[in-house]
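**Student:**
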Amino acid sequence: MKLINFKAFRRLELPLGPLTLLTGLNSSGKSSVLQALGLLRQSYETQMLIRTKRAGGGLLLNGDLVALGTAQDVLHEDFGPVEELPAVNEPLVGLVIEEDGEQRTWVAAYDIRHPDRDVMPLAEGSVRSHLAEQPFQYLHADRITPAVTYPRSHQIAIARGFLGVRGEHTVNYLRHHTEQDVPMEVPDGPLRHRGATSSQLLDQTIAWMQELCPGVNIETDPVEGTDSVRLSYGFGGTAGINATRRRRPTHVGFGEPHLNVHLDWIRAARREGVTTGSRIWDSCADLYPHLRFLPRVEGQLSGLNPHWVVPVRRALERLEEAVAAWDPASVAEPEWRTKVSPEGETRKRVCRFTDLDGETRTFDLHARFTPGAGRIHFRLVPEERMIRIAHIGSKIRPEI
Numbered sequence: 543m544k545l546i547n548f549k550a551f552r553r554l555e556l557p558l559g560p561l562t563l564l565t566g567l568n569s570s571g572k573s574s575v576l577q578a579l580g581l582l583r584q585s586y587e588t589q590m591l592i593r594t595k596r597a598g599g600g601l602l603l604n605g606d607l608v609a610l611g612t613a614q615d616v617l618h619e620d621f622g623p624v625e626e627l628p629a630v631n632e633p634l635v636g637l638v639i640e641e642d643g644e645q646r647t648w649v650a651a652y653d654i655r656h657p658d659r660d661v662m663p664l665a666e667g668s669v670r671s672h673l674a675e676q677p678f679q680y681l682h683a684d685r686i687t688p689a690v691t692y693p694r695s696h697q698i699a700i701a702r703g704f705l706g707v708r709g710e711h712t713v714n715y716l717r718h719h720t721e722q723d724v725p726m727e728v729p730d731g732p733l734r735h736r737g738a739t740s741s742q743l744l745d746q747t748i749a750w751m752q753e754l755c756p757g758v759n760i761e762t763d764p765v766e767g768t769d770s771v772r773l774s775y776g777f778g779g780t781a782g783i784n785a786t787r788r789r790r791p792t793h794v795g796f797g798e799p800h801l802n803v804h805l806d807w808i809r810a811a812r813r814e815g816v817t818t819g820s821r822i823w824d825s826c827a828d829l830y831p832h833l834r835f836l837p838r839v840e841g842q843l844s845g846l847n848p849h850w851v852v853p854v855r856r857a858l859e860r861l862e863e864a865v866a867a868w869d870p871a872s873v874a875e876p877e878w879r880t881k882v883s884p885e886g887e888t889r890k891r892v893c894r895f896t897d898l899d900g901e902t903r904t905f906d907l908h909a910r911f912t913p914g915a916g917r918i919h920f921r922l923v924p925e926e927r928m929i930r931i932a933h934i935g936s937k938i939r940p941e942i
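Just so it is clear: in the sequence shown, position 124 is 666 by the numbering used here, and no numbers are missing.
(1) Measuring from the CB of residue 611, is there a heavy atom of the ligand MN at a distance below 7 Å?
(2) What residue from 568, 567 and 579 has the CA that sits closest to residue 556's CA?
(3) Could you tell me which of 620, 709, 577 and 772 sits nearest to residue 681, measuring between CA atoms?
(4) With distances taken Cα to Cα, identify the nearest neighbour of residue 651 among 610, 553 and 547.
(5) Going by C-alpha distance, which of 775, 834 and 841 is nearest residue 861?
(6) Less than 7 Å between C-beta atoms, sequence neighbours within five positions excluded: which residues of the same chain meet that for residue 614?
(7) Just the Cα atoms here: how many angstroms apart are residue 612 and residue 605?
(8) May I have a chain-ordered list of the beta strand (DSSP E) segments no shorter than 3 residues that lie completely inside the segment 688-740?
(9) In terms of alpha-carbon separation, which member of 892, 575 and 890 lies closest to residue 636?
(10) Can you tell me which of the three DSSP states residue 888 falls into?
(11) From what residue to what residue does the alpha helix (DSSP H) around residue 615 run?
(12) Can you list the alpha helix (DSSP H) stretches of 4 or more residues lying completely in the segment 789-855, in chain order?
(13) Name the one or two DSSP bridge partners that residue 546 has.
(14) Mapping the DSSP letters down to three states, classify residue 642 as helix, strand or coil.
(15) Residue 870 and residue 927 look like a contact to me (Cβ under 8 Å); what is the Cβ gap, rounded to whole Å?
(16) Given a threshold of 16 other Cβ atoms within 10 Å of its Cβ, counted over all protein chains shown, does residue 932 qualify as buried or as exposed?
(17) Is the beta carbon of residue 960 less than 8 Å from the beta carbon of residue 880?
(18) According to DSSP, simplified to helix, strand and coil, what is residue 765?
(19) I'd like to check one pair, residue 907 with residue 491: are the Cβ atoms closer than 8 Å?
(20) Output the boundary residues of the beta strand (DSSP E) element that contains residue 934.
(21) Could you give the C-beta distance for residue 602 and residue 588, rounded to a whole number, given that I count them as a contact under 8 Å?
(22) So, are the CB atoms of residue 822 and residue 836 less than 8 Å apart?
(23) Applying the criterion that 16 or more other CB atoms from any shown protein chain within 10 Å of the CB defines a buried residue, is residue 746 buried or exposed?
(24) For residue 896, which residues does DSSP report across the bridge?
(25) Cβ of residue 938 within 8 Å of Cβ of residue 921?
(26) Are residue 776 and residue 759 close, meaning C-beta to C-beta below 8 Å?
(27) Which residues in the same chain have their Cβ closer than 6 Å to the Cβ of residue 896, if we skip the five residues on either side of it in sequence?
(28) So, for residue 564: in the same chain, excluding its five sequence neighbours on each side, which residues have a beta-carbon less than 8 Å away from its beta-carbon?
(29) Suppose contacts are defined by Cβ-Cβ distances below 8 Å. Is residue 761 in contact with residue 741 by that definition?
(30) For residue 763, which residues in the same chain have their Cβ closer than 6 Å to its Cβ, ignoring the five residues on either side in sequence?
(31) Residue 650 by DSSP, collapsed to three states: which one?
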């Protein structure tokens, strides 16, 4: 694929594969590549590529798929002559698709007298293309949100097989191809889920959704007497909620359950990257959400001996795991994952520190870490299901 004088690019040559992933910083041209394909498709579907210049044909800049503005918005700011295009000294926009050794070129002219037009007449171009005739979906970043009903358009979802730029016709597409006498099937290949109950489209969709939300299933139904369809969710198996009643999309969210599946390894990976005491302090709110630290601990961690970093980090991890599983309403203390002991009455007086609210309290519970007599002193805060840490370092001596 080549783009010439098109939006972000003076010239771009981009090889395309079965799956092409575009990455880069903002304003680097990723959207320009996708919009070029959308521009060709919408110009083809509206017959604008077939019409002559006299009949108003050309590249349709604003349509169902993309809205690019005017010719002035599309022409690259530093446009220049390109030898492979006709009329090399004129401002032209070129889109080139090469497939199976055959090259198709669309060259649109920029009329300096009418820079605000939203149709750019073709100076040269193919009127048909294998690319333009293939199934095509174009999904905007601004996708549809959960809704009570969704549009029911035979022309868009069935005749064109189009899901909508916001995915708004997906439910009707599923409904139609499920209710057919011979339901649509997903062909053998990488898109067919091997764990689905069948190869039919609805069963395949459910199987892929269960990768994000275990136990989910979906149903689609027409809303009689309207041009709308309805989607509902059910839950079973490992979903963990009552499965007897179906739910509207507006009552279901998939972000948090999907995230929870990965939280453990995400946090573990982040913990492994903490290699200094200062990094422990900087990351404590994220890595140890059930542990609160008194301000005095910052200095102790910043000056932590390097050979204590990993033992301290692991001791904090075990404390975090124990408190995260703690139900203060049922038991007085967490089920500790490391050795935790209280100080004797004599030593409690050296374990008193100024708490976050300015009050002086006793932090006599302590976990140990080695090498040496390392201690983490803390107290339980049942009402917050947390522990508050006052000391990380050597064993507290009476003279301290």
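Note that the Cβ used here is the ideal one computed from N, Cα and C, for glycine as well.
**Tutor:** Walking through what the data contain:
(1) The ligand content of the structure shown is nil, which means the ligand MN is not present either.
(2) Ranking the options by Cα distance to residue 556, first place goes to 579.
(3) When 620, 709, 577 and 772 are compared, the shortest CA-CA separation from residue 681 is found for 709.
(4) Comparing Cα positions, the closest option is 547.
(5) Taking only the C-alpha atoms, the option nearest residue 861 is 834.
(6) Within the same chain, 657 and 658 come within 7 Å of residue 614 by CB-CB distance, once the 5 residues on both sides are set aside.
(7) Cα-Cα distance, rounded: 12 Å.
(8) Counting only unbroken stretches of 3 or more residues, no beta strand (DSSP E) element lies wholly within the segment 688-740.
(9) With distances taken between Cα atoms, residue 636 lies closest to 575.
(10) Note: residue 888 maps to coil in three-state DSSP.
(11) From DSSP, the alpha helix (DSSP H) with residue 615 extends over 613-616.
(12) Segments of the alpha helix (DSSP H) lying fully in the segment 789-855: 797-814, 819-829 and 838-844.
(13) For residue 546, the beta-bridge partners assigned by DSSP are 553 and 636.
(14) Assignment of residue 642 by DSSP, reduced to helix, strand and coil, places it in the coil class.
(15) About 6 Å separates the CB atoms of residue 870 and residue 927; that is less than 8 Å, so the two are in contact.
(16) By the 10 Å Cβ count, residue 932 comes out buried.
(17) No statement about residue 960 is possible, as the shown extent of the chain runs from 543 to 942 and does not include it.
(18) Shown here, residue 765 sits in a strand according to DSSP, grouped into three states.
(19) A query on residue 491 cannot be resolved here, the shown segment of the chain reaching from 543 to 942 and no further.
(20) For residue 934, the enclosing beta strand (DSSP E) begins and ends at 928-936.
(21) That pair is a contact at about 6 Å.
(22) No, Cβ-Cβ distance for residue 822 and residue 836 is not below 8 Å.
(23) Label assigned to residue 746: buried.
(24) Beta-bridge analysis with DSSP links residue 896 to 902.
(25) Between residue 938 and residue 921, the gap from beta carbon to beta carbon reaches 8 Å or more.
(26) If you check the CB distance, residue 776 and residue 759 come in under 8 Å.
(27) Same-chain partners within the cutoff: 902.
(28) The residues are 572, 575 and 576.
(29) Going by beta carbons, residue 761 and residue 741 fall outside the 8 Å limit.
(30) Within the same chain, Cβ atoms closer than 6 Å to the Cβ of residue 763 are found at 772, the five residues on either side in sequence being excluded.
(31) DSSP places residue 650 within a strand segment (E or B) once states are collapsed to three.
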